[in-house]
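There are 2 protein chains.
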Amino acid sequence: MEIRELRYFVAVAEELHFGKAAERLEIAQPPLSRAIARLERQLAVTLLERTSRRVTLTAAGAVLLSEARSILSAVAAAERRTQQAARSRPRLVLAVKSGTVGELLAKLLDAYRAEPGAATVDLLLCEAHQQQELLQNGQADVALLHLPFDSVAGLDTEALYTEGQVAILPASHRLARRSRIRVAEVAAVPELPMARWPDRGGNYPEGPGPEVRNLTQLFQLIALGLTTVIIPESAGTDLRPDLAAVPVSDAPPVTTVIAWPSQSRLRAAADLIRVATRL
Amino acid sequence: MEIRELRYFVAVAEELHFGKAAERLEIAQPPLSRAIARLERQLAVTLLERTSRRVTLTAAGAVLLSEARSILSAVAAAERRTQQAARSRPRLVLAVKSGTVGELLAKLLDAYRAEPGAATVDLLLCEAHQQQELLQNGQADVALLHLPFDSVAGLDTEALYTEGQVAILPASHRLARRSRIRVAEVAAVPELPMARWPDRGGNYPEGPGPEVRNLTQLFQLIALGLTTVIIPESAGTDLRPDLAAVPVSDAPPVTTVIAWPSQSRLRAAADLIRVATRL
DNA sequence: TACAGCGATACCCGGGCGGTATCGATCGGC
DNA sequence: GCCGATCGATACCGCCCGGGTATCGCTGTA
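Chains as they are written, first to last, in my numbering: chain A, 1 to 279; chain B, 1 to 279.
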């Protein structure tokens, strides 16, 4: 089994169409058919059921698709990390999404810079759902994630900071004067439907609330009295004066964790993680 | 970068000798030299420093070695799991080491067998240090591990059972009548030096105690008044009459966890894990 | 200084990868 | 019900690359 064969198989398994897959791979269709056939022969397993009209994955094919994706990620990561290690001045890529506790991040970077032999830290600002992938394929070395929202499968983590959540409301709203509130109460306000965030594919779930992409947009809509949201405390400090934050008593606490690929052996990453856990 | 090239690189990086590595790979030395040179050219990175007298790894080479090992494991796992998925009757390999809570294991297997669509579970009895590797390269799907002894890097786990530890002593020993004991007291008995277990390489650490490989051996030596050991409670039940178990008050508690590779997508494994967490 | 050890280089051969042309099966439209 | 379009498989060809042998060149040692 070779990497090229896995790349070919993933293309076919995703397109479910040899012609399209060949186009994506920038090769002709016949060599692709042969490569898949050879892969099947070597494994002694049928990966795809094909008629001349449709191509479908077998159960074994579905397993290999998932395995192959993670192998290809690991290969890309290996290439990046090897080249990174060859640089004289090491760099470390830290993936954070907007909304990450600014104060915590500043303290972490300051503390790390004071370390002897500290690498240059590049901040990679990204969307929440990209972080896992960035770590897996080596585009980032370390990330700050938020439990219980972000998935940490395949990652090692250390908890840094736990906080409650607050509801952000128009300052003039009747609920804005409450000292505490419950999730159900926020959800039950018909004139303030909860904002909707895009999923991985960039699509929005169905619902009455407005579609938003970032906190600035969101705060503007809340100030206009059009929506509301429940977010971690630290993201709701230093609000504009026409907004109010009310602690939500029964929202799950949010934990900021530092995460890295579990097989990571980078000196610089280990240093940063050690510094982070001592904060 | 191809799998074959990674296999070649790992061989050279481990042997630090092109000739030996070529022999191990069952190819001639010149193609091996060329393959490594090509890999270095493609990555634009020097992986090995070679004089005609010695070969050494560069920092980048050390990184690639570690990455390559895990990629090769992942490839082996992918092959095994794909072939497994192609079988009509799914099988599930559960890696356990001797000494694992027998009662817990029996309950788990019974409960799982009662599930609809349960796979055949094969028990793979192994040494503690093999389990991680068996899961990573796909020879096992699920394992029972013991924290804090076993490493769980790269694995997902669920805690099943926590218990204290006991010291196993000859029934006639003066400490055997105690109701509780401390680690320091056990360690301070000069006539009963703690038994030594082999490490990953099968070598024994230095020390005064006897070398042992399994509990049966060990119990025999304890009965002869030659050694002692501190083990989880459950491994010290139903002892032969000439042995006694004394709870050790300050030994760390041992947690039995069920562990699986974090990217695992096996139906049968998920079922087994679900059943286990409900026990 | 001569020799042994070891990686690199030169050169050759064969298999396999990728290309084009075409077949054969299947499904949809008229 | 037949024809044509679609799409994967097959046949055949050329070339690159992987693997082999022979040999070179450097280095450390006796």
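All C-beta atoms in this analysis are idealised placements derived from N, C-alpha and C, irrespective of residue type, glycine included.
Mind checking whether residue i and residue j have CB atoms under 7 angstroms apart?
i: L169 of chain A; j: I71 of chain A; result: no
i: A171 of chain B; j: V186 of chain B; result: no
i: V93 of chain A; j: E163 of chain A; result: no
i: A153 of chain A; j: S98 of chain B; result: no
i: T227 of chain B; j: G209 of chain B; result: yes
i: Q165 of chain B; j: A28 of chain B; result: no
i: A78 of chain B; j: E67 of chain A; result: yes
i: S249 of chain A; j: R180 of chain A; result: yes
Would you report the Cα separation of residue i and residue j, rounded to the nearest angstrom?
i: R182 of chain A; j: T82 of chain B; result: 48 angstroms
i: V246 of chain A; j: P198 of chain A; result: 25 angstroms
i: P31 of chain A; j: M1 of chain A; result: 16 angstroms
i: R240 of chain A; j: F219 of chain A; result: 8 angstroms
i: A184 of chain B; j: L175 of chain B; result: 13 angstroms
i: A44 of chain A; j: R69 of chain B; result: 25 angstroms
i: P205 of chain A; j: I231 of chain B; result: 53 angstroms
i: D156 of chain A; j: A140 of chain A; result: 14 angstroms
i: L144 of chain A; j: A268 of chain A; result: 16 angstroms
i: P190 of chain B; j: G102 of chain B; result: 32 angstroms
i: L147 of chain A; j: G202 of chain B; result: 41 angstroms
i: E49 of chain A; j: G225 of chain A; result: 54 angstroms
i: T51 of chain B; j: A270 of chain B; result: 52 angstroms
i: P193 of chain A; j: L266 of chain B; result: 39 angstroms
i: I3 of chain A; j: R53 of chain B; result: 33 angstroms
i: A188 of chain A; j: R87 of chain A; result: 56 angstroms
How many whole angstroms separate the CB atoms of residue i and residue j, which I take to be in contact at a CB cut-off of 8 angstroms?
i: V96 of chain B; j: L125 of chain B; result: 6 angstroms
i: V229 of chain B; j: A259 of chain B; result: About 24 angstroms; that fails the 8 angstroms criterion.
i: A235 of chain A; j: L221 of chain A; result: Not a contact, Cβ separation roughly 15 angstroms.
i: A276 of chain A; j: E158 of chain A; result: 7 angstroms
i: V257 of chain A; j: L160 of chain A; result: 6 angstroms
i: V142 of chain B; j: L272 of chain B; result: 6 angstroms
i: R138 of chain B; j: A76 of chain B; result: The sequence as given places Gly at residue 138 of chain B; Arg does not occur at that position. Contact flag correct, Cβ pair sits at about 6 angstroms.
i: A119 of chain B; j: R91 of chain B; result: 6 angstroms
i: A22 of chain B; j: A74 of chain A; result: A22 of chain B to A74 of chain A, Cβ: 26 angstroms. No contact.
i: L109 of chain A; j: V121 of chain A; result: 6 angstroms
i: D150 of chain A; j: Q131 of chain A; result: 7 angstroms
i: A223 of chain A; j: D242 of chain A; result: 5 angstroms
Only counting the same chain, and skipping five residues up and downstream in sequence, which positions put a Cβ closer than 8 angstroms to that of residue i?
i: L47 of chain A; result: F9, A13, I36, L39, E40, L57, T58, A60, G61, L64
i: K107 of chain B; result: L279
i: S33 of chain B; result: F18
i: V55 of chain A; result: V12, L16, H17, F18, L48, E49
i: Q42 of chain B; result: M1
Excluding the 5 residues preceding and the 5 following residue i in the sequence, name in chain order all residues of the same chain whose CB lies nearer than 7 angstroms to its CB.
i: A11 of chain A; result: A21, R24, L25
i: G117 of chain A; result: none
i: R291 of chain A; result: Only positions 1 to 279 of chain A appear in the structure, and residue 291 of chain A is not among them; the question remains open.
i: E293 of chain B; result: As displayed, chain B neither begins before 1 nor continues past 279, which places residue 293 of chain B out of reach and without an answer.
i: E233 of chain B; result: E163, G164, Q165, V166
Within a Cβ cutoff of 6 angstroms, which residues of the same chain sit near residue i, ignoring the five residues on either side of it in sequence?
i: V212 of chain A; result: A195, L218
i: Y112 of chain A; result: A118, L272, V275
i: R178 of chain A; result: V246
i: H173 of chain B; result: none
Q. Name the residues in the stretch 223-237 of chain A whose C-beta lies less than 8 angstroms from a C-beta of chain B; which are they?
A. none
Q | Residues, ordered as in the chain, of the stretch 85-99 of chain A that lie near chain B by beta-carbon distance below 8 angstroms | A | A85, A86
Q.
Please identify, using Cβ separations under 7 angstroms, the residues of the stretch 242-271 of chain A that lie next to chain B, in order along the chain.
A. S262, Q263, R265
Q. The stretch 143-172 of chain B: which residues have C-beta closer than 7 angstroms to a C-beta of chain A, in chain order?
A. A153, G154, D156
Q) In chain order, what residues of the stretch 60-73 of chain A put their CB closer than 7 angstroms to some CB of chain B? A) A60, V63, L64, S66, E67, A68, S70, I71
Q) Closer than 8 angstroms, Cβ to any Cβ of chain A: which residues of the stretch 32-44 of chain B, in chain order? A) L43, A44
Q. For the stretch 177-200 of chain A, which residues have a CB atom closer than 7 angstroms to at least one CB atom of chain B, in sequence order?
A. none
Q. Closer than 8 angstroms, Cβ to any Cβ of chain B: which residues of the stretch 202-225 of chain A, in chain order?
A. none
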